[in-house]
Amino acid sequence: MATTTPNERYYRAYLRSKILNVFTFSCSVLATASSSPCINSDNVVVPLPPARKAVPAGALNGSQRTRLTQIQILPEVSAPERKVPFNQKVAWTAVTLLIFLVCSQVPLYGIVSSDSSDPLYWMRVILASNRGTLMELGISPIVTSGMIMQLLAGANLIDVDFSLKEDRALFGAAQKLFALIISLGQATVYVLTGLYGQPSDLGAGVCLLLVVQLVAAALIVILLDELLQKGYGLGSGISLFIATNICESIVWKAFSPTTINTGRGPEFEGALLALVHLLFTWNDKTRALKEAFYRDRLPNVSNLLATLAIFAAVIYLQGFRIEIPVKSNRFRGQRGTYPVKLFYTSNMPIMLESALSSNVFIISQMLYSRFPENLLVKLIGVWEPLEESPQLFATSGIAYYMSPPHTLHAALVDPIHTIIYVTFMLSVCAIFSKTWIEVSGSGPREVAKQLKDQQMVMAGHREGSMYKELKRVIPTAAAFGGATIGALSVVADLIGAFGSGTGILLATTIIYSYFEISSRENLSPEMASMGDLIG
Numbered sequence: 001m002a003t004t005t006p007n008e009r010y011y012r013a014y015l016r017s018k019i020l021n022v023f024t025f026s027c028s029v030l031a032t033a034s035s036s037p038c039i040n041s042d043n044v045v046v047p048l049p050p051a052r053k054a055v056p057a058g059a060l061n062g063s064q065r066t067r068l069t070q071i072q073i074l075p076e077v078s079a080p081e082r083k084v085p086f087n088q089k090v091a092w093t094a095v096t097l098l099i100f101l102v103c104s105q106v107p108l109y110g111i112v113s114s115d116s117s118d119p120l121y122w123m124r125v126i127l128a129s130n131r132g133t134l135m136e137l138g139i140s141p142i143v144t145s146g147m148i149m150q151l152l153a154g155a156n157l158i159d160v161d162f163s164l165k166e167d168r169a170l171f172g173a174a175q176k177l178f179a180l181i182i183s184l185g186q187a188t189v190y191v192l193t194g195l196y197g198q199p200s201d202l203g204a205g206v207c208l209l210l211v212v213q214l215v216a217a218a219l220i221v222i223l224l225d226e227l228l229q230k231g232y233g234l235g236s237g238i239s240l241f242i243a244t245n246i247c248e249s250i251v252w253k254a255f256s257p258t259t260i261n262t263g264r265g266p267e268f269e270g271a272l273l274a275l276v277h278l279l280f281t282w283n284d285k286t287r288a289l290k291e292a293f294y295r296d297r298l299p300n301v302s303n304l305l306a307t308l309a310i311f312a313a314v315i316y317l318q319g320f321r322i323e324i325p326v327k328s329n330r331f332r333g334q335r336g337t338y339p340v341k342l343f344y345t346s347n348m349p350i351m352l353e354s355a356l357s358s359n360v361f362i363i364s365q366m367l368y369s370r371f372p373e374n375l376l377v378k379l380i381g382v383w384e385p386l387e388e389s390p391q392l393f394a395t396s397g398i399a400y401y402m403s404p405p406h407t408l409h410a411a412l413v414d415p416i417h418t419i420i421y422v423t424f425m426l427s428v429c430a431i432f433s434k435t436w437i438e439v440s441g442s443g444p445r446e447v448a449k450q451l452k453d454q455q456m457v458m459a460g461h462r463e464g465s466m467y468k469e470l471k472r473v474i475p476t477a478a479a480f481g482g483a484t485i486g487a488l489s490v491v492a493d494l495i496g497a498f499g500s501g502t503g504i505l506l507a508t509t510i511i512y513s514y515f516e517i518s519s520r521e522n523l524s525p526e527m528a529s530m531g532d533l534i535g
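So in full-length UniProt numbering, spot 165 of the sequence shown is number 165, and the numbers just go up one at a time.
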């Protein structure tokens with residue numbers, strides 16, 4: 001077999017990174033489902049590149065020692081010297097959450113306020129970003145960097161052995177440095193394209209200050225995620241920030257004390273506060289209830305109840321699973337079950353669909369703003385403000401049929417749009433779910449190998465037939481689960497749940513995963529390891 005030189009490997013890696021330009025966000029969001037870069041949401045280990053022979057620390061060559069010295073320049077969270085108690089993990093997680101929430105509300109210094117359409121409106125749910133604040137970039141630099149590095153390692157385009165401490169340190173440092181470079185590039189593009197005002201009006205000093213603020217905030221996100229990943233907290237910062245950003249929006253729409261003049265007098269923006277206020281201030285209680293439950297252009301109680309119903313439905317469906325009986329050859333008499341959940345791929349299908357749709361919307365909106373009369377551009381999407389809002393929405397074209405109807409009334413008025421959108425969501429989520437099990441290493445072949453490595457066999461089956469049985473169950477569960485989660489997203493959008501169907505599903509699945517993490521934390525290490533495998 002022909003060998004490749006370091007220069008050839010570098011060139012291949014360079015070409016690979018150049019190719020991954022259009023769907024960077026689509027791929028990068030995949031990392032959000034796991035608390036470890038190499039373990040998916042169902043605790044199935046993703047296969048790593050073949051291990052190299054370990055090299056003693058004293059045998060490192062000069063370049064390796066130089067690289068290990070250089071990475072110490074980057075800020076790093078040191079691993080805990082002992083196991084962190086559960087109550088301390090909860091405390092560190094709360095501190096991390098508080099810092100993120102504060103940064104999400106601190107506005108960038110030097111920006112010019114603008115009521116123009118937000119070009120990143122469709123991406124903010126999966127990026128945990130907040131426009132005009134320190135969290136403008138959200139988690140995009142870290143997940144983009146992490147996913148590209150994992151793709152390069154998985155494709156053997158970079159030479160890394162995760163069994164070696166030195167390689168893990170170099171890989172983590174490279175990922176962190178790459179994330180900072182990405183944040184610098186994104187911040188520069190945001191400033192120079194006039195997202196915060198025309199650069200000529202802001203001045204060079206303010207533009208530089210805006211870039212520094214965004215890069216510093218990205219570094220804070222990186223360190224907060226590293227703090228949790230190193231074992232000081234629970235789960236991963238990426239998942240925590242996504243769920244927090246979504247839940248913050250839901251809580252605000254329910255309890256916002258902001259008053260808005262609707263033409264019928266001032267009303268609270270928050271649905272529950274508006275309900276109480278209307279009941280106390282309006283003499284006609286029936287009319288007050290009707291207004292609180294069905295008012296337009298502001299959050300209402302019906303939206304809140306719809307949100308709670310979707311939360312309950314997702315939690316209920318999380319318990320649906322097929323349990324495959326297994327037994328251990330290592331421990332005689334030890335039996336258990338390997339659970340194949342309905343949501344086998346967790347929230348991956350809806351995240352991938354959201355990333356795909358968001359990229360189409362952003363590109364279509366950008367093209368339409370420059371070439372509004374071009375026939376091909378109109379075929380992709382026509383964008384106009386909706387209901388006196390500065391935010392642009394697709395009104396025709398492919399982007400229109402990929403976006404959900406804004407209300408249940410709109411869905412009934414345009415049934416063709418509704419049918420195409422529902423078909424698109426169900427089919428795409430099912431396809432993405434079935435494809436994800438193959439690319440993530442959680443397919444039937446990998447699961448069979450994992451069980452075999454753990455000396456587990458299916459009860460009542462020969463060891464050789466284990467793969468066939470898993471192949472019969474896992475792909476079907478993945479496709480059906482993907483379609484189910486797509487259907488839930490459609491229902492959430494149609495009945496007017498707070499946020500979006502995608503956001504609610506992401507928040508619910510992430511919160512549910514934290515309950516599972518908490519349950520495992522209260523078990524002994526041996527029982528937790530066995531529970532991860534046999535359910």
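For each residue, glycine too, the CB sits at the ideal point set by N, CA and C.
Practice task
Below 7 angstroms CB to CB, which residues in the same chain sit around Asn300 once its five sequence neighbours on both sides are set aside?
Solution key: Within the sequence shown, residue 300 is the residue found at index 300, counting from 1. Excluding residues within five positions, the ones whose Cβ falls inside 7 angstroms are Ala271, Ala292, Phe293 and Tyr294.
Practice task
Please classify Arg321: does DSSP put it in a helix, a strand, or coil?
Solution key: Taking the first residue of the sequence shown as 1, we reach residue 321 at position 321. Residue state, collapsed to three classes: strand.
Practice task
Jot down the residue ranges of each uninterrupted alpha helix (DSSP H) in the segment 396–463, minimum 4 residues, whole runs only, in chain order.
Solution key: DSSP runs (the alpha helix (DSSP H)) wholly in the segment 396–463: 398–402, 408–413, 415–439 and 444–453.
Practice task
Identify which residue in Ser396, Leu426, Val206 and Lys434 has its Cα closest to the Cα of His417.
Solution key: Reading the sequence shown from its first residue, position 417 is the one you call residue 417. Here the closest residue by C-alpha is Ser396.
Exercise for the section: Below 6 angstroms CB to CB, which residues in the same chain sit around Ile310 once its five sequence neighbours on both sides are set aside? Expected result: On the sequence shown, residue 310 is found 310 positions in, with the first residue counted as 1. Here the set comprises Ala492, Ala497 and Ile504.
Handout entry: Where Ser513 falls: helix, strand or coil (DSSP)
Key = Start at 1 with the first residue of the sequence shown, and residue 513 comes out as number 513. If DSSP states are grouped into helix, strand and coil, Ser513 belongs with the helices.
Handout entry: Endpoints, the beta strand (DSSP E) within which Lys83 is located
Key = Translated into positions along the sequence shown, residue 83 becomes position 83. Counting along the chain, no beta strand (DSSP E) covers Lys83, and no H or E run does either.
Practice task
Let me know the alpha helix (DSSP H) ranges lying completely inside the segment 73–153, each 4 residues or longer, listed in chain order.
Solution key: Qualifying alpha helix (DSSP H) stretches, in chain order: 86–105 and 124–127.
Practice task
Below 6 angstroms CB to CB, which residues in the same chain sit around Gly62 once its five sequence neighbours on both sides are set aside?
Solution key: Numbered from its first residue, the sequence shown carries residue 62 at position 62. Only weak support exists for where Gly62 lies, its pLDDT of 47 falling under 50; the value from the coordinates is given anyway. Taking Gly62 as the centre and dropping the five residues before and after it, the same chain places no C-beta closer than 6 angstroms to its C-beta.
Exercise for the section: Could you have a look at Val360 and say whether DSSP puts it in helix, strand or coil? Expected result: For the purposes of this step, residue 360 is identified with residue 360 of the sequence shown, where counting begins at 1. Helix.
Problem - Distance, Pro325 Cα to Val106 Cα - result: Counted from its first residue, the sequence shown places residue 106 at position 106. Counted from its first residue, the sequence shown places residue 325 at position 325. About 52 angstroms.
Practice task
Look at the Cβ atom of Met147, then the Cβ atom of Ala174, and state whether they are nearer than 8 angstroms.
Solution key: Residue 147 sits at position 147 when you count from the first residue of the sequence shown. Residue 174 sits at position 174 when you count from the first residue of the sequence shown. It is not a contact, given that the beta carbons lie outside the stated cut-off.
Exercise for the section: Would you check if the segment 471–491 and the segment 338–349 touch, i.e. whether three or more CB-CB distances between them fall below 8 angstroms? Expected result: They touch, by the three-pair rule.
Practice task
Note down the Cα distance separating Arg52 from Glu323, rounded to an integer number of angstroms.
Solution key: Here residue 52 refers to the residue found at position 52 of the sequence shown. Here residue 323 refers to the residue found at position 323 of the sequence shown. In this predicted model, Arg52 has a pLDDT of only 40, less than 50, meaning its place in the structure is not dependable; the value taken from the coordinates is given anyway. The straight-line gap separating the alpha-carbon atoms of Arg52 and Glu323 is approximately 37 angstroms.
Practice task
Might you give, ordered along the chain, the residues of its own chain that have their beta carbon closer than 8 angstroms to the beta carbon of Ile111, omitting 5 neighbours on each side?
Solution key: Translated into positions along the sequence shown, residue 111 becomes position 111. Sequence-distant partners of Ile111 (beyond 5 residues in either direction) whose C-beta falls short of 8 angstroms from its own C-beta, in its chain, are Gly132, Tyr196, Gly197 and Leu210.
Practice task
Throw me the rounded Cβ distance for the Phe424 and Ala399 pair, which I believe falls under 8 angstroms.
Solution key: As a first step, residue 424 is located in the sequence shown; it is residue number 424 there, counting from the start. As a first step, residue 399 is located in the sequence shown; it is residue number 399 there, counting from the start. That pair is no contact at about 12 angstroms.
Practice task
Could you tell me the distance, in whole angstroms, from the CA atom of Leu60 to the CA atom of Lys176?
Solution key: Locating residue 60 in the sequence shown gives position 60, counting from the first residue. Locating residue 176 in the sequence shown gives position 176, counting from the first residue. Note that Leu60 has pLDDT 44, beneath the 50 cutoff, so the model's placement of it is unreliable and the number below is only indicative. Rounded to whole angstroms, Leu60 and Lys176 show a C-alpha spacing of 23 angstroms.
Exercise for the section: For Phe280, count neighbouring C-beta atoms within 10 Å of its own C-beta (all shown protein chains included) and say buried if the count is 16 or more, exposed if not. Expected result: Position 280 of the sequence shown, counting from 1, holds the residue named residue 280. Phe280 is exposed by the Cβ-count criterion.
Practice task
Note down, in chain order, each residue of its chain lying with its Cβ closer than 6 angstroms to the Cβ of Ser117, except the 5 sequence neighbours on either side.
Solution key: Position 117 of the sequence shown, counted from the first residue, corresponds to residue 117. So the qualifying residues of the chain are Pro390, Gln391 and Leu392.
Exercise for the section: Give me the Cα-Cα distance between Ile363 and Thr193, rounded to the nearest whole angstrom. Expected result: Numbered from 1 along the sequence shown, position 363 holds the residue referred to as residue 363. Numbered from 1 along the sequence shown, position 193 holds the residue referred to as residue 193. Ile363 and Thr193 have their C-alpha atoms roughly 15 angstroms apart.
Problem - Extent of the continuous alpha helix (DSSP H) run through Gly205 - result: If you number the sequence shown from 1, residue 205 lands on position 205. Start and end: Ala204 to Leu227.
Exercise for the section: Just the C-alpha distance for Val22 and Leu412, rounded to the nearest angstrom, thanks. Expected result: Against the sequence shown, residue 22 aligns to sequence position 22. Against the sequence shown, residue 412 aligns to sequence position 412. With a pLDDT of only 32 at Val22, under 50, the local geometry of the prediction cannot be trusted, and the value read off the model is given with reservation. If I take the Cα positions, the gap works out to 35 angstroms.
Problem - Which of helix, strand or coil DSSP assigns to Thr331 - result: As a working note, residue 331 is residue 331 in the sequence shown. As written in the sequence, residue 331 is Phe, which differs from the Thr given in the question. Coil at Phe331, not helix or strand.
Problem - Ser41 to Lys434 span [Cα, whole Å] - result: The sequence position of residue 41 within the sequence shown is 41, counting from 1. The sequence position of residue 434 within the sequence shown is 434, counting from 1. The pLDDT assigned to Ser41 is 37, lower than 50, so where the model puts this residue is not dependable, and the model offers no usable value.
Problem - Cβ-based burial, Ala312 [other Cβ within 10 Å; buried from 16] - result: Here the question's residue 312 lines up with position 312 in the sequence shown. Note on Ala312: under 16 other CB atoms within 10 angstroms of its CB, so exposed under the neighbour-count rule.
Problem - Counterpart residues of Phe393 in DSSP-defined beta bridges - result: Indexing the sequence shown from 1 puts residue 393 at position 393. Answer is Glu384, bridged to Phe393.
Problem - Check whether Gln455 and Ser328 have beta carbons under 8 angstroms apart - result: By 1-based counting over the sequence shown, the position of residue 455 is 455. By 1-based counting over the sequence shown, the position of residue 328 is 328. It is a contact, given that the beta carbons lie within the stated cut-off.
Practice task
Specify the secondary structure class of Glu248 as computed by DSSP and reduced to three states.
Solution key: Indexing the sequence shown from 1 puts residue 248 at position 248. Residue state, collapsed to three classes: helix.
Practice task
With DSSP collapsed to three states, give me the class of Gly185.
Solution key: By one-based count along the sequence shown, residue 185 stands at place 185. Residue state, collapsed to three classes: helix.
Handout entry: Helix, strand or coil at Ile474 [DSSP, three-state]
Key = Position 474 of the sequence shown, counted from the first residue, corresponds to residue 474. Ile474: helix per DSSP, three-state reduction.
Practice task
Compare the beta carbon distance of Leu488 and Ile242 with 8 angstroms and say whether it is the shorter of the two.
Solution key: One-based indexing of the sequence shown puts residue 488 at position 488. One-based indexing of the sequence shown puts residue 242 at position 242. Not in contact: Leu488 and Ile242 (Cβ atoms no closer than 8 angstroms).
Exercise for the section: Taking Val143 as the reference, give the member of Val428, Asp225 and Ile431 with the closest Cα. Expected result: Along the sequence shown, read from residue 1 onward, the residue named residue 143 stands at position 143. Val143 has its Cα closest to that of Asp225, out of Val428, Asp225 and Ile431.
Practice task
Could you tell me which residues DSSP puts in a beta bridge with Tyr196?
Solution key: Walking along the sequence shown from the start, residue 196 turns up at place 196. None, per the DSSP bridge assignment.
Practice task
Give the straight-line distance between the Cα atoms of Ile431 and Glu353, rounded to the nearest whole angstrom.
Solution key: Sequence index remark: in the sequence shown, residue 431 carries index 431 (1-based). Sequence index remark: in the sequence shown, residue 353 carries index 353 (1-based). A straight line joining the alpha-carbon of Ile431 with that of Glu353 spans about 10 angstroms.
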